[in-house]
Every structure is written in C-alpha cells, then in structure tokens.
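Numbering (this note's numbering), first residue to last: 798 to 1074.
Notes follow the structure.
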C-alpha cells in the first residue's frame, strides 16, 4: 500500500466515530497507515472504534464540534495549524435522516437541523478548509451524499433536497478545481445507526433490509473508490437501480417507487400515505 497516494496521509472525517465514517477511519488507519481526525458531536460508537483500533489508536484523534456551524470549522482549522498538522483529505460523512413523512408535516426544527448537518456542514467545511488542505501535496475533498440524491423518493423530501444540494456543490467544486481530487459518494441504504429514531428499526424491516448493504462491505467500496480517485461513486444495488430507472424514466419511476412503498403496508411509511387533517 505504500505506493498508494493515500498512504500515511492525514484525513479529517466528520462523523468519524461510528457507522460508515467510523468504518472508513478504521480501514484507512489499518491498511493505509493514515492519521485520522474524527470530528464528532457525541460519543456514540467512539469507545468501540478505539477498542477495534487497538495498538493503532494513537493514529486516531477525536475533536468534538458541531460541524453545521461555520465558526467551528474556523476553530478546527486553527487547531490544525496551531498544532502544525497538515490535513491532506477531508471526508464529509456526517449526516442525519429525518422521519419518513410528508414535507408539509416536517417541523421547522427538523428542517433546519437536516439542512444544517446534511448540506451546510459540507459547504462550510469546504469553504473554510480549502486554503489549508490546498497546501497538501495531495489535496482531496470527498462528500458522502446518498442514493437519495439520485432520484426523488416519497417521504424523504427534506433529506433528498439536502443531499442533492451537497452532491451538486461537490460536483461544481470539482469542476472548479481539476488540479485536485474531489469525489462524491452516493451509497444506498447501509446497516448503520443513521436511521435511529424512525418508527421502526430499518435494519429489522424485511423490505428495507433486503436492499441494505453491510457496513463493512460499503466501507471497502468507498475507500477503494477514493484510492482510485473516482469522481462519482454509486454503491449498493438499491442506489444503482434508483439512479438507472430515474435516468431512463424520470416521470414514471418516482411513481413506481411510491407504489412499492404503499403496497408494502410498512409501518415505517404510514405517515406518507395517511391523510392529515
């Protein structure tokens, strides 16, 4: 792996203590000798990540910041520079998934939180960290968006809008900076804690679980894509099917997806199809 451009790099990962982010952190440290700086808002999954790193835990630094606030990114950059740390890669992975429901029933608090975490954190981080990371010999920015950015899906209006915006921002930034590697990942449903708080645990839902990718498998695909400097990465059978059908049938495929959700009669989706007063 020493010949790989990722070897021995310093990588910032938002949401890097659990889920896909934690998996990426562990794989980069174990196989590429990277130093990982995880930026997290809470300690969920942190103990397990450190435990699994074992003797490599000294390569893992954890910073507690709300990545949806611009001023926190300024503090993160100042921390790096005051400690003479040159970051080479920024992976924007942090995200939240609101309840499946109609957009008009979304609370203002959920609206603002989802946009802040799923979009503004990406925008703020790139804008603030660009001057720092561009000084690296191998500057790179990677955004973990979602399959939701590939096609509209009933009940995910807010999440789809935020992830579509982060995908578009990343792709435009890539056009503006062909001199550096800028990649965007659109993973399908993956077995992580992203979906905590839903009416039903998604990993226990037979319909959803049938399409879900295992976290470690998804992590390996993402890291392999980054290693190869792929600009656009779509992983997971559901993501590929959604993207393919929407490109071919932009009018009928969203109705088809909605029909599948409705006839499934899953408790997870009941708020989408239940009339509100």
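Glycine is no exception: its CB is placed at the ideal position from the N, C-alpha and C atoms.
- Judged by pairs of C-beta atoms under 8 Å, the region 904 to 914 does not touch the region 938 to 945, as fewer than three such pairs exist.
- In this structure, the straight-line span from the alpha carbon of residue 1037 to that of residue 1010 is close to 12 Å.
- If you draw a straight line from the Cα of residue 932 to the Cα of residue 805, it is about 16 Å long.
- Here the region 821 to 839 makes contact with the region 848 to 862; the two share three or more CB pairs at distances below 8 Å.
- One thing to note: residue 919 has its Cβ within 8 Å of the Cβ of residue 889.
- Along the length of the region 810 to 894, whole alpha helix (DSSP H) runs at least 4 residues long occupy 816 to 829, 843 to 850 and 867 to 879, reported in chain order.
- Of all C-beta pairs linking the region 976 to 984 to the region 1028 to 1048, three or more are shorter than 8 Å, placing the two stretches in contact.
- Take residue 812, set aside five residues on each side of it, and the residues of its chain with a beta-carbon closer than 6 Å to its own are 818, 890 and 891, in chain order.
- If you look at residue 1030, you'll find it in the beta strand (DSSP E) that goes 1029 to 1032.
- DSSP assignment within the region 897 to 959 yields the following whole beta strand (DSSP E) runs of 3 residues or more, N-terminal first: 937 to 941.
- Here residue 984 is buried, its C-beta having at least 16 other C-beta atoms within 10 Å.
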